[in-house]
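J.: Protein chains in written order, with the working numbering: chain V, 519 to 626; chain E, 644 to 758.
In this text, a Cβ means the ideal position worked out from N, Cα and C, and glycines have one as well.
Please read these numbers as outputs of a predicted model, since none were measured by experiment.
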Amino acid sequence: RKEVEQDPGPFNVPEGATVAFNCTYSNSASQSFFWYRQDCRKEPKLLMSVYSSGNEDGRFTAQLNRASQYISLLIRDSKLSDSATYLCVVNRFNKFYFGSGTKLNVKP
Amino acid sequence: ETGVTQTPRHLVMGMTNKKSLKCEQHLGHNAMYWYKQSAKKPLELMFVYSLEERVENNSVPSRFSPECPNSSHLFLHLHTLQPEDSALYLCASSQFAVGGSNEQFFGPGTRLTVL
Chain V
519 RKEVEQDPGP
529 FNVPEGATVA
539 FNCTYSNSAS
549 QSFFWYRQDC
559 RKEPKLLMSV
569 YSSGNEDGRF
579 TAQLNRASQY
589 ISLLIRDSKL
599 SDSATYLCVV
609 NRFNKFYFGS
619 GTKLNVKP
Chain E
644 ETGVTQTPRH
654 LVMGMTNKKS
664 LKCEQHLGHN
674 AMYWYKQSAK
684 KPLELMFVYS
694 LEERVENNSV
704 PSRFSPECPN
714 SSHLFLHLHT
724 LQPEDSALYL
734 CASSQFAVGG
744 SNEQFFGPGT
754 RLTVL
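#1: Which one or two residues does DSSP pair with E/CYS734 in a beta bridge?
#2: Report buried or exposed for E/ALA730, applying the criterion of at least 16 other Cβ atoms within 10 angstroms of its Cβ.
#3: Any C-beta of chain V sitting closer than 9 Å to the C-beta of E/PRO751?
#4: Could you tell me which chain E residues have their CB closer than 9 Å to the CB of V/PHE552, listed as they occur along the chain?
#5: Does any CB atom of chain E fall closer than 9 Å to the CB of V/LYS465?
#6: In three-state terms, what does DSSP make of E/GLU687?
#7: From what residue to what residue does the beta strand (DSSP E) around E/LEU755 run?
#8: Can you say whether V/CYS541 is buried or exposed, counting buried as having 16 or more other CB atoms within 10 angstroms of its CB?
#9: First and last residue of the beta strand (DSSP E) that includes V/LYS597?
#10: On the DSSP bridge list, what partners appear for E/TYR692?
#11: I'd like to know if E/GLU667 contacts chain V, where contact means its C-beta is closer than 9 Å to some C-beta of that chain.
#12: Candidates E/VAL655, E/HIS672, E/THR650: which alpha carbon is nearest E/LEU664's?
#13: Apply the 10 Å Cβ neighbour rule to E/MET658 and answer buried if 16 or more other Cβ atoms are within range, or exposed otherwise.
#14: Show which residues of chain V have a CB atom less than 8 Å away from the CB atom of E/PHE739.
#15: Using a Cβ-Cβ distance under 9 Å, would E/ALA674 count as near chain V?
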């Protein structure tokens, strides 16, 4: 079983839509959690860390459910510039495990 | 310079060449990583260094040879590569901690083409 699993998509949404991505992780000892964004042919960039209490950064909200071992990312009021691949990342004992990414296409 | 830098940004080499990729981090981190990303594929971890000691070698062929002379610099020496080694090579750094690492930051990558 993969350490981190994500729906590859693509999610095709119109501008202004709300879209949610989920991610599951297999090891309950995982310690820290992140969402990264990767544009085509570029490096992954940290979007936000994910905390147990949930956290929000502008239009982006991340949630962690340790009991169910899943992480979510909600994007409100999608912009064309949100089009990218979103990577779910889990850290356990200083080793990072990457999901294969969920592709988002925001269309005019 | 800030963050994580990598040179060169693009590299074309023949199968018999020897070249090196360089990474430098300016974040004061104590761990550095090499990843490979082939076209439309997920990231593959290659090597991890913590405090200049290699702590992970993810079954990488010996034609890739890492070197970490200090906590700020990481090299990937390449020799007798194959065309299937063509990919984006990404360097990253983080701060190892007892409770698990904080965020990992990536350099812009070296796009390698092996002819």
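T.: Let me lay it out:
#1: E/TRP677
#2: buried
#3: yes
#4: GLU746, GLN747
#5: The structure shown does not extend to residue 465 of chain V, since chain V is modelled only from 519 to 626, so the question has no answer here.
#6: strand
#7: In this chain, the beta strand (DSSP E) harbouring E/LEU755 covers 753 to 757.
#8: Here V/CYS541 is buried, its C-beta having at least 16 other C-beta atoms within 10 Å.
#9: No beta strand (DSSP E) holds V/LYS597; DSSP gives it neither H nor E.
#10: E/MET675, E/ARG697
#11: With 9 Å as the cut-off, E/GLU667 does not count as an interface residue toward chain V.
#12: E/THR650
#13: exposed
#14: Residues of chain V with a Cβ closer than 8 Å to the Cβ of E/PHE739 are, in chain order, ASN612.
#15: Chain V contact via Cβ: present.
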